[in-house]
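Visitor: What follows is a structure written as structure tokens; I'll ask about it next.
Numbering (the working numbering), first residue to last: 769 to 1011.
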């Protein structure tokens, strides 16, 4: 079985193929257009909303005269913009994962034809099932994020807390979408149980691409390829073991 680094190296080559680059044009264009317009017109308001969650005493002190208040005001601005950037990164991945539901079967088909042509594919469910699973995982994500709101304003802790549920949303949603195009339902559940640790290793490495500003708009296709290769490689190894 391939190591995560071998998987990523091969996936990167697939990602840079002209077919995959062409497939990525639409999602990237609309994603950057949406967030660019949103931040251009509403970025200032968003920052003020985020600042409103800070203690009132901090805000009053920051707007008084003096060097220390000015320094505190600068720190608040930097913190608010950093929190806004993190929010954009997290929300953009949610949108990108939703868009990936539409092209994941094409990615699986491309990899199957390119490297796993002799491997029979199965599937379960349909596009409606993938949408329902996406909405279910999104509901879990939203509930967890709402419960943890007080923790977001603790330096470092807030960032870490927000990334954990976001990672599980990414892994569970994308894996289900890909796995349902490769396995039957029973085999998919068996693979999740038997390869739990390797699955997390590959998913975490793929997830890290989402945290790179700008590139995160391009990354979901690469992440889809990485996880699809992981599941196809497992299926190929199982098929070879039976021969």
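Glycine included, every Cβ here is placed at the ideal spot set by N, Cα and C.
Return the CA-CA distance between residue 1000 and residue 914, expressed in angstroms with no decimal places.
Guide: 36 Å
Visitor: Let me confirm a value: residue 838 is counted as buried when at least 16 other C-beta atoms fall within 10 Å, else exposed. Which label applies?
Guide: exposed
Visitor: What number of angstroms, rounded off, separates the C-alpha of residue 975 from the C-alpha of residue 785?
Guide: 21 Å
Visitor: Could you tell me the boundaries of the alpha helix (DSSP H) in which residue 906 lies?
Guide: 895-915
Visitor: Grouping DSSP H, G and I as helix and E and B as strand, with all else coil, what is residue 996?
Guide: helix
Visitor: Measure the beta-carbon distance from residue 893 to residue 948 and round it to whole angstroms, keeping in mind my assumption that it falls under 8 Å.
Guide: 5 Å
Visitor: Does DSSP put residue 885 in a helix, a strand or coil?
Guide: Residue state for residue 885 is assigned as coil, using DSSP reduced to three classes.
Visitor: Comparing C-alpha positions only, which one of 969, 1005, 875, 925 sits nearest to residue 936?
Guide: 969
Visitor: If residue 946 and residue 876 are in contact, beta carbons under 8 Å, what's the gap, nearest whole angstrom?
Guide: 6 Å
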